[in-house]
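Participant:
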Amino acid sequence: MLAPRGTALPKLERCLAELLRTCVHPPSLILRVEHVFGQAHAGSRRNAVDDRDDERDETPVTGDDHGNDSAAREPDTWSFRFAASDSHLQIQAVLAPTLLRVKELRDLRRGDVIEVRRFQVRSAPRLSGKGRVIYLGIRDCAWVGRDRETVGTSEGDDRLELEGGFLREEDDEMFHKKPHPRKEDLTAGSERSASKRDIRDRDDRAPSSRSAQRKLKPSKTTQKVSRNMSEDDSDDEHGFDTIFVSQSRLEQRREALRQIQQPPSMEEATVSRPRPHGDGNQEESQDNEDDHERQAVREADAFSTHNLLSGPHHQPTTFSAPPVPPDDDPRTRPTNLASISPIDSLASLLALPHQKSYSCTVLALISWVSPSLIHRPNTPFPPKRHIKIHDPSITHRTSGVTVSVFVDAQKFLPAVGTVALFRGLVMHQLRRSSADGEADVILNKYPPKTGSQRAEHEGSLESAAGGIRDQHLEGDGDEQEEWFISDEARLVAMGFDVQRIKAWWEQRLVARKGK
Numbered sequence: 001m002l003a004p005r006g007t008a009l010p011k012l013e014r015c016l017a018e019l020l021r022t023c024v025h026p027p028s029l030i031l032r033v034e035h036v037f038g039q040a041h042a043g044s045r046r047n048a049v050d051d052r053d054d055e056r057d058e059t060p061v062t063g064d065d066h067g068n069d070s071a072a073r074e075p076d077t078w079s080f081r082f083a084a085s086d087s088h089l090q091i092q093a094v095l096a097p098t099l100l101r102v103k104e105l106r107d108l109r110r111g112d113v114i115e116v117r118r119f120q121v122r123s124a125p126r127l128s129g130k131g132r133v134i135y136l137g138i139r140d141c142a143w144v145g146r147d148r149e150t151v152g153t154s155e156g157d158d159r160l161e162l163e164g165g166f167l168r169e170e171d172d173e174m175f176h177k178k179p180h181p182r183k184e185d186l187t188a189g190s191e192r193s194a195s196k197r198d199i200r201d202r203d204d205r206a207p208s209s210r211s212a213q214r215k216l217k218p219s220k221t222t223q224k225v226s227r228n229m230s231e232d233d234s235d236d237e238h239g240f241d242t243i244f245v246s247q248s249r250l251e252q253r254r255e256a257l258r259q260i261q262q263p264p265s266m267e268e269a270t271v272s273r274p275r276p277h278g279d280g281n282q283e284e285s286q287d288n289e290d291d292h293e294r295q296a297v298r299e300a301d302a303f304s305t306h307n308l309l310s311g312p313h314h315q316p317t318t319f320s321a322p323p324v325p326p327d328d329d330p331r332t333r334p335t336n337l338a339s340i341s342p343i344d345s346l347a348s349l350l351a352l353p354h355q356k357s358y359s360c361t362v363l364a365l366i367s368w369v370s371p372s373l374i375h376r377p378n379t380p381f382p383p384k385r386h387i388k389i390h391d392p393s394i395t396h397r398t399s400g401v402t403v404s405v406f407v408d409a410q411k412f413l414p415a416v417g418t419v420a421l422f423r424g425l426v427m428h429q430l431r432r433s434s435a436d437g438e439a440d441v442i443l444n445k446y447p448p449k450t451g452s453q454r455a456e457h458e459g460s461l462e463s464a465a466g467g468i469r470d471q472h473l474e475g476d477g478d479e480q481e482e483w484f485i486s487d488e489a490r491l492v493a494m495g496f497d498v499q500r501i502k503a504w505w506e507q508r509l510v511a512r513k514g515k
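Here UniProt numbering is used: the first residue of the sequence shown is 1, the next is one more, and so on.
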């Protein structure tokens with residue numbers, strides 16, 4: 001029964017959110033029926049949704065002795081489930097079996113407004129999936145009226161039954177599951193869109209071209225299939241991106257992994273040893289352009305190359321020395337070169353165009369020390385600590401050059417402002433900077449080889465060239481003993497102008513504070 005014209009129904013107010021948040025029951029709830037699921041046996045957790053509107057398991061009962069026309073009664077084992085809302089939130093509700101004796105409540109439809117007086121907030125396990133569902137167990141309620149606008153809209157368009165996320169019973173797939181619903185939905189959607197385009201194309205064509213269309217009818221199926229495939233491909237492209245790696249790139253990665261796992265021979269060591277200066281080959285140039293993508297492979301390759309470069313430092317007399325930058329004062333160079341390797345300035349490392357895995361010795365000032373360690377699991381590398389170093393040759397750089405220390409990183413905590421000599425650092429080139437044309441580099445200090453690794457390395461060197469073996473071992477021993485020297489007295493004795501580097505750093509700090 002609709003509410004009489006001109007009769008104002010109670011205004012819906014937001015109450016469900018406050019009820020679920022505070023668990024405080026108000027005296028009554030004014031709710032609107034949004035969807036009727038039907039009847040089900042009490043406690044069955046399943047609804048009798050078949051033929052809900054026409055065929056119900058009802059037991060008609062005549063009026064009582066006083067002439068009152070009572071509502072049809074049903075056994076107390078039946079319950080009635082529907083969805084109600086306060087115009088803001090929806091919640092499922094179940095009527096008590098005793099309330100089904102009232103005709104208005106038994107014939108609830110979408111748009112009915114009810115006043116709930118006694119109820120409980122309950123929960124039940126989901127029929128499919130994990131978790132629980134919150135619903136209202138209504139013990140006492142009254143039918144207030146029916147919203148005319150809602151009823152008129154629902155009668156004009158049955159498709160509005162889908163509103164609120166509920167499916168009509170004839171479309172409900174809860175009890176009739178299909179073997180591959182996703183695949184069939186995509187195919188059906190593609191066929192519908194293809195048929196719509198075919199209709200538009202036929203309307204736009206002139207009547208004279210319809211005869212030519214009949215000749216091309218056998219190829220329409222092929223066009224339709226290819227069109228469906230393109231639609232499916234476009235759907236996949238919106239879903240995720242696929243990165244295709246060329247076969248040559250895969251071969252390069254496999255070769256790098258094989259080099260890591262196998263001990264190198266003397267020929268490989270001689271060929272793969274990088275030159276400190278000069279032009280690099282084309283293959284190294286291609287690898288450097290993709291260093292960002294192959295960072296993990298690069299570090300593993302660097303660890304293997306470090307074993308190859310564990311011998312004495314390169315001899316600068318074999319290659320032409322790079323020009324000394326104007327900020328690189330020769331007074332910072334040592335005067336006693338008999339006991340130490342050639343010193344590389346940081347600017348000379350940045351100027352190398354295509355070199356990587358370059359073993360070098362650097363005299364620099366420590367400008368920053370990382371307070372924490374970095375450890376990558378499932379890698380052969382131990383924990384490392386990052387530091388930043390500076391020297392007068394890179395005064396124009398705000399940030400110095402990063403050094404990753406893998407040797408006893410837990411205890412390696414030098415003070416900021418310390419001038420130190422770093423020996424046996426392995427330089428790796430990163431991406432080229434677009435601002436000044438320089439290539440950013442990172443220096444790594446790897447731990448010395450273990451006894452088994454050294455023995456294996458000795459055997460390979462002895463079989464290839466016995467005279468060179470002793471020379472490599474001597475380099476390993478020197479590198480293992482003193483790779484980091486920060487004693488100012490020793491550095492001065494070696495011929496380094498430590499005080500000038502410290503004075504340069506103090507002036508730099510004062511200038512930066514003045515800005």
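Virtual Cβ for every residue (Gly too), placed ideally from N, Cα, C.
Since this is a predicted model, take the numbers as computed values, not measurements.
For the beta strand (DSSP E) that contains Arg132, what are its first and last residues?
Facilitator: Taking the sequence shown and counting its residues from 1, the one referred to as residue 132 is at position 132. Residues Arg132 to Arg146.
Participant: When you compare only the Cα positions, how much space is there between Phe82 and Arg21?
Facilitator: Stepping through the sequence shown from its first residue, residue 82 is reached at position 82. Stepping through the sequence shown from its first residue, residue 21 is reached at position 21. For Phe82 and Arg21, the gap between their C-alpha atoms comes out near 22 Å.
Participant: Taking Val419 as the reference, give the member of Phe496, Leu425 and Arg101 with the closest Cα.
Facilitator: Here residue 419 is taken as the residue at index 419 of the sequence shown, counted from 1. Out of Phe496, Leu425 and Arg101, Phe496 has the C-alpha closest to the C-alpha of Val419.
Participant: Since Val403 contacts Leu421 with CB under 8 Å, what's their CB separation in whole angstroms?
Facilitator: Within the sequence shown, residue 403 is the residue found at index 403, counting from 1. Within the sequence shown, residue 421 is the residue found at index 421, counting from 1. Incorrect: roughly 13 Å between the Cβ atoms, too far for contact.
Participant: Would you check if the region 91-100 and the region 126-140 touch, i.e. whether three or more CB-CB distances between them fall below 8 Å?
Facilitator: Three or more Cβ pairs drawn from the region 126-140 and the region 91-100 lie within less than 8 Å of each other, which places the two stretches in contact.
Participant: Would Ile374 and His386 be called neighbours here (beta carbons separated by less than 8 Å)?
Facilitator: In the sequence shown, residue 374 corresponds to position 374, counting from 1. In the sequence shown, residue 386 corresponds to position 386, counting from 1. Cβ atoms of Ile374 and His386: closer than 8 Å.
Participant: Following the continuous alpha helix (DSSP H) through Lys388, name the residue where it begins and the one where it ends.
Facilitator: If you number the sequence shown from 1, residue 388 lands on position 388. Lys388 -> not in any alpha helix (DSSP H); beta strand (DSSP E) instead, spanning Arg385 to His390.
Participant: In chain order, what are the residue ranges of uninterrupted alpha helix (DSSP H) at least 4 long that sit wholly in the region 390-433?
Facilitator: none
Participant: Taking residue 516 as part of the alpha helix (DSSP H), name the residues at either end of that continuous run.
Facilitator: Because the chain spans 1 through 515 in this model, residue 516 falls outside it and cannot be assessed.
Participant: Rounded to whole angstroms, what is the Cα-Cα separation between Glu482 and Gln247?
Facilitator: For the purposes of this step, residue 482 is identified with residue 482 of the sequence shown, where counting begins at 1. For the purposes of this step, residue 247 is identified with residue 247 of the sequence shown, where counting begins at 1. For Glu482 and Gln247, the distance between alpha carbons rounds to 44 Å.
Participant: Quick check on DSSP: helix, strand or coil for Ser372?
Facilitator: Here residue 372 corresponds to residue number 372 of the sequence shown, with the count starting at 1. If DSSP states are grouped into helix, strand and coil, Ser372 belongs with coil.
Participant: For Ala351, verify whether its CB is less than 7 Å away from any heavy atom of the ligand MN.
Facilitator: Absence of the ligand MN from the depicted structure is noted, as is the absence of any ligand whatsoever, leaving it without description.
Participant: When burial is assigned at 16 or more other CB atoms within 10 Å of the CB, is Ser399 buried or exposed?
Facilitator: Within the sequence shown, numbered from 1, the residue matching residue 399 stands at position 399. Ser399 comes out exposed.
Participant: Cβ of His35 within 8 Å of Cβ of Arg110?
Facilitator: Counted from its first residue, the sequence shown places residue 35 at position 35. Counted from its first residue, the sequence shown places residue 110 at position 110. In this structure, Arg110 lies closer than 8 Å to His35 by Cβ.
Participant: Under three-state DSSP, which class holds Gly514?
Facilitator: To locate residue 514, count along the sequence shown from 1; it is residue 514. Under the three-state reduction of DSSP output, Gly514 falls in the helix class.
Participant: Starting from Val94, trace the alpha helix (DSSP H) both ways and give me its first and last residue.
Facilitator: Working through the sequence shown from its first residue, we reach residue 94 at position 94. No alpha helix (DSSP H) holds Val94; the beta strand (DSSP E) holding it covers Gln90 to Leu95.
Participant: Given that a residue counts as buried once 16 or more other Cβ atoms are within 10 Å of its Cβ, and exposed if not, what is Arg423?
Facilitator: Start at 1 with the first residue of the sequence shown, and residue 423 comes out as number 423. Classification for Arg423: buried.
Participant: Kindly indicate which residue of Glu18, Cys23, Leu19 and Leu31 has the alpha-carbon position closest to the one of Leu9.
Facilitator: Against the sequence shown, residue 9 aligns to sequence position 9. Closest option to Leu9, Cα to Cα, is Leu31.
Participant: Suppose you measure from the CA of Glu18 to the CA of Lys384; what does that come to, to the nearest Å?
Facilitator: Working through the sequence shown from its first residue, we reach residue 18 at position 18. Working through the sequence shown from its first residue, we reach residue 384 at position 384. Their Cα atoms are separated by approximately 53 Å.
Participant: Counting only the same chain and skipping the five closest in sequence on each side, list residues whose C-beta sits under 8 Å from that of Val416.
Facilitator: For the purposes of this step, residue 416 is taken as the residue at position 416 of the sequence shown. These residues qualify, in order along the chain: Ile366, Ser367, Trp368 and Val369.
Participant: What are the residues that DSSP puts in a beta bridge with Ser28?
Facilitator: Within the sequence shown, the letter at position 28 stands for residue 28. DSSP output for Ser28 lists no bridge partner at all.
Participant: Identify the residues that DSSP records as bridge partners of Val492: which are they?
Facilitator: Position 492 of the sequence shown, counted from the first residue, corresponds to residue 492. Looking at the DSSP assignment, Val492 forms no beta bridge with any residue, so it has no partner.
Participant: Tell me which same chain residues have a C-beta within less than 6 Å of the C-beta of Arg508, skipping the five on either side of it?
Facilitator: Taking the sequence shown and counting its residues from 1, the one referred to as residue 508 is at position 508. So no residue of the chain qualifies.
Participant: Helix, strand or coil for Ser123? Go by DSSP, reduced to three states.
Facilitator: As a first step, residue 123 must be located in the sequence shown, where it is residue number 123. Ser123 carries a strand assignment under DSSP once its states are collapsed to helix, strand and coil.
Participant: Can you give me the C-alpha to C-alpha distance between Val407 and Ala364, rounded to a whole angstrom?
Facilitator: Counting from one through the sequence shown, the residue named residue 407 turns up at place 407. Counting from one through the sequence shown, the residue named residue 364 turns up at place 364. Going by the C-alpha atoms only, they are around 18 Å apart.
Participant: According to DSSP, is Ile343 part of a helix, a strand, or is it coil?
Facilitator: Sequence index remark: in the sequence shown, residue 343 carries index 343 (1-based). If DSSP states are grouped into helix, strand and coil, Ile343 belongs with coil.
Participant: Go ahead and pull the three-state DSSP assignment for Ser359.
Facilitator: For the purposes of this step, residue 359 is taken as the residue at position 359 of the sequence shown. Looking at Ser359 - three-state DSSP - the assignment turns out to be strand.
Participant: Note the first and the last residue of the continuous alpha helix (DSSP H) segment covering Thr22.
Facilitator: Looking up residue 22 in the sequence shown gives position 22. Here the alpha helix (DSSP H) through Thr22 covers Leu16 to Thr22.
Participant: Can you look up Leu12 in the DSSP assignment and give me helix, strand or coil?
Facilitator: Counting from 1 along the sequence shown, the entry for residue 12 is found at position 12. Looking at Leu12 - three-state DSSP - the assignment turns out to be coil, as it is neither helix nor strand.
Participant: According to DSSP, what are the bridge partners of Gly38?
Facilitator: Taking the first residue of the sequence shown as 1, we reach residue 38 at position 38. DSSP output for Gly38 lists Arg81 as bridge partner(s).
Participant: Under a three-way DSSP split, which group does Ser128 fall into?
Facilitator: For this step, residue 128 is matched to residue 128 along the sequence shown. Reduced to three states, the DSSP call for Ser128 is coil.
Participant: For Asn444, which residues does DSSP report across the bridge?
Facilitator: Position 444 of the sequence shown, counted from the start, is the residue given in the question as residue 444. Ser404 and Val426, per the DSSP bridge assignment.
Participant: Would DSSP call Val102 helix, strand or coil?
Facilitator: Sequence index remark: in the sequence shown, residue 102 carries index 102 (1-based). Residue state, collapsed to three classes: coil.
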